[in-house]
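**Student:** Please find one structure pasted underneath; my questions will follow.
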Amino acid sequence: MSRLVRQTNRWLLFCIIITLCVFPLQRLVSSKINEGRFSFEMPTDDIVLMLYSNTAIVGPYLVPIDSKTKNAAPYQYSGETLIPARFLADNFDAELTYDNKQGNITLTSEEGSIQYALNKAQAKVEGKSLTLQTKPVVRDGITYVPLRAASEAFGRNLHVEDGVVLLTRTKDAPDSDRMTAWREELSSYIAYEAFGSFTVEASNHSQALFKTWNEAVAYARKNAGRKVTYRGSNQVLWDPAKPPPITARHKKAKAIMQLPELPRGCEVTALAMLLYANDIQVDKMTLAKQIKKEPTPYKKVGNTIYFGNPHDGFVGDMYNINNPGLGVYHEPIAELAEQYAPGRVADITGTTFEHLKYTVGQGTPVWVIHTTLYDAVPEKAWHQWQTPTGPVRITYYEHSLLVTGYDKQYMYVLDPLGRTDRIKIDAFRRGWEQMGSQAIVIMPPTT
1 MSRLVRQTNR WLLFCIIITL CVFPLQRLVS SKINEGRFSF EMPTDDIVLM LYSNTAIVGP
61 YLVPIDSKTK NAAPYQYSGE TLIPARFLAD NFDAELTYDN KQGNITLTSE EGSIQYALNK
121 AQAKVEGKSL TLQTKPVVRD GITYVPLRAA SEAFGRNLHV EDGVVLLTRT KDAPDSDRMT
181 AWREELSSYI AYEAFGSFTV EASNHSQALF KTWNEAVAYA RKNAGRKVTY RGSNQVLWDP
241 AKPPPITARH KKAKAIMQLP ELPRGCEVTA LAMLLYANDI QVDKMTLAKQ IKKEPTPYKK
301 VGNTIYFGNP HDGFVGDMYN INNPGLGVYH EPIAELAEQY APGRVADITG TTFEHLKYTV
361 GQGTPVWVIH TTLYDAVPEK AWHQWQTPTG PVRITYYEHS LLVTGYDKQY MYVLDPLGRT
421 DRIKIDAFRR GWEQMGSQAI VIMPPTT
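Residue numbers (UniProt numbering): 1 to 447.
Pasting the structure below:
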């Protein structure tokens, strides 16, 4: 074989190898470009925040707002978006200093500086005074500062859309699809425990979080098109476009009796009924074993009784009425329910009677603490105990029910004692509110 032929064959082999290597790479690059997921641009230092999300996007990375707690997140207050000062310092490469004597907090870097007054709504950027909408706020031990002034001080443009905030060096705002993608990514990190589970929504995005139904509804009423959901789920807690029906009855729930096995087991029996209404079948005896117990023994010294706190666990003997005992309140019940319906249990204790009715009207049964008088209990029937976690007022008339409906006259219930299936509305309200408006619901599964 001539030298020319050998060289030609080598070149052909080399070209074949190059083609085999480059073609898949070309297809990969092409596909990524078509999908918008491949870029030859240098990584940016853009920062993407979302209201109430404890995680941000910094460049290509997900970064916690505060590495020490999940409860830190940007939020709106008095027309300003507030953000932990430490987060800004870390991501603007700025030095953070506090001067308690002068009453200010300062962020300084090579790009700029800003000094916030701690006790008034003022700041200085490069020596120029600014009037802000609010002063810095200390929340859960973390100092939050107004974001817009800091973004301008450090040369960042601010683009905001439906709760998503982009800090970038470019003036052009990103398109809505990009903002939507960021919102979907950061929605998994909402700090509900810190800001509240009652979510005010408009146009399918969260506007604000509140810890009580009353606060959320009051805020939602200010503008048309708002509704209140639970943790941004499909469970609507209030919507002016969907008023509750005049009458409501939940037919799926079934009565379960606490006797004879559980003379003091009304709370776990009512929980068994709540679970059953949500297609979760658990025997009352299983729940009786699993409910958290408060082990403090009964003791009476003079006129003072020392016993357990029903907020901390079941107090006393659930099985034998001849032994000391009482029952359990909403916190341990919600904790146990969470084991069977993770992420769906809403402890709405402390809410209003109107919210309770609205919830039932939406087809959701509600576990409540009430009384065996099915009305308020007279003052003489109340006692005070000393417990390991402080004094507590109790009544031996304490009882638990599952609320399944209402009409103009009655609240309809499933009673673990089987004594009644309805209570006059005013009497129900008096007894329920007297017992602390304790209420637990299980939200429908997300679809």
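Just so it is clear, CB atoms sit at the ideal spot from N, CA and C, and this is done for glycine as well.
#1: In terms of alpha-carbon separation, which member of ILE394, LEU82, VAL377, GLY302 lies closest to HIS383?
#2: At least one CB of chain D closer than 8 Å to the CB of ILE280: is that the case?
#3: Can you list, in chain order, the residues of its chain with a C-beta nearer than 7 Å to that of ARG344? Leave out the 5 residues immediately preceding and following it.
#4: Do you know how far the Cα of TYR189 is from the Cα of SER400?
#5: Where do the ends of the beta strand (DSSP E) carrying LYS380 lie?
#6: Would you tell me roughly how many angstroms separate the C-alpha atoms of VAL166 and ARG148, rounded to the nearest one?
#7: Does the segment 346-353 come within contact of the segment 284-292, defined as at least 3 CB pairs closer than 8 Å?
#8: Three Cβ pairs or more, each shorter than 8 Å: is that satisfied between the segment 333-341 and the segment 310-322?
#9: THR296 lies in the beta strand (DSSP E); which residues open and close that run?
#10: Please go through the UniProt domain "Copper amine oxidase-like N-terminal" (71-159) and give each complete beta strand (DSSP E) segment of 3 or more residues, from N-terminal end onward.
#11: Can you grab the Cα-Cα spacing for the pair VAL403 / LEU118, in whole Å?
#12: Leaving out five residues before and five after PHE353 in sequence, what residues of the same chain have Cβ atoms less than 6 Å from its Cβ?
#13: According to the Cβ coordinates, are THR134 and PRO146 closer than 8 Å?
#14: If you drop the 5 nearest sequence neighbours on each side, which residues of the same chain put their C-beta closer than 8 Å to that of MET257?
#15: Mind checking who LYS424 pairs with in its DSSP beta bridge?
#16: Quick check on LYS242: does DSSP put it in helix, strand or coil?
#17: Count the other CB atoms within 10 Å of the CB of ARG169; is the residue buried (16 or more) or exposed (fewer)?
#18: May I ask which residues mark the beginning and end of the alpha helix (DSSP H) holding LEU356?
#19: Helix, strand or coil, according to DSSP, for PHE307 in the structure here?
#20: Go through its chain and collect everything with a Cβ distance to ARG27's Cβ below 7 Å, but skip five positions before and after it.
#21: Helix, strand or coil: how does DSSP classify HIS370 here?
#22: Between the Cα of residue 448 and the Cα atoms of LEU186, GLY361, LEU51, ASP45, which residue gives the shortest distance?
#23: If you measure between the beta carbons of ASN309 and THR371, is that distance less than 8 Å?
#24: Pick helix, strand or coil for ASP45, following the three-state DSSP scheme.
**Tutor:** Considering the structure as presented:
#1: It is ILE394 whose Cα lies nearest to the Cα of HIS383.
#2: Absent here is chain D; the protein component of the structure consists of one chain.
#3: Counting only Cβ-Cβ distances below 7 Å, and skipping sequence neighbours, we find ILE442, MET443, PRO445.
#4: When rounded, the distance between both Cα atoms is 35 Å.
#5: Per DSSP, LYS380 belongs to no beta strand (DSSP E) and is neither H nor E.
#6: Just to set this straight, residue 166 is Leu in the shown sequence, not Val. Going by C-alpha positions, LEU166 is about 11 Å away from ARG148.
#7: Contact between the segment 346-353 and the segment 284-292 is absent, because fewer than three Cβ pairs lie under 8 Å.
#8: Cβ pair count under 8 Å is below three, so no.
#9: Unbroken run through THR296: none, as it is neither H nor E.
#10: Counting whole runs of 3 or more residues, the UniProt domain "Copper amine oxidase-like N-terminal" (71-159) contains the beta strand (DSSP E) stretches 75-77, 80-84, 95-99, 104-108, 113-117, 122-125, 128-131, 137-139, 142-146.
#11: Near 49 Å, if we compare the C-alpha coordinates of LEU118 and VAL403.
#12: Excluding positions up to five away in sequence, the list reads ARG429.
#13: For the pair THR134 and PRO146, the CB atoms are nearer than the 8 Å cut-off.
#14: Cβ-Cβ distances below 8 Å link MET257 to THR269, PRO416, LEU417, GLY418 in the same chain, with the five nearest sequence neighbours on each side left out; the list follows chain order.
#15: Partner(s): TYR410.
#16: In this structure, LYS242 counts as coil in the three-state DSSP scheme.
#17: Only exposed fits ARG169, as fewer than 16 other CB atoms lie within 10 angstroms of its CB.
#18: LEU356 -> alpha helix (DSSP H) spans 353-361.
#19: Note: PHE307 maps to coil in three-state DSSP.
#20: For ARG27, the predicted model reports a pLDDT of 43, less than 50, meaning its position is unreliable; a value from the coordinates is still stated below. Taken in chain order, the list of residues that qualify is empty.
#21: DSSP, reduced to helix, strand and coil, places HIS370 within a strand of the structure shown.
#22: Since the first and last residues shown for the chain are 1 and 447, residue 448 lies out of range.
#23: Between ASN309 and THR371, the C-beta gap is not smaller than 8 Å, which leaves the two residues out of contact.
#24: Here ASP45 sits in coil by DSSP.
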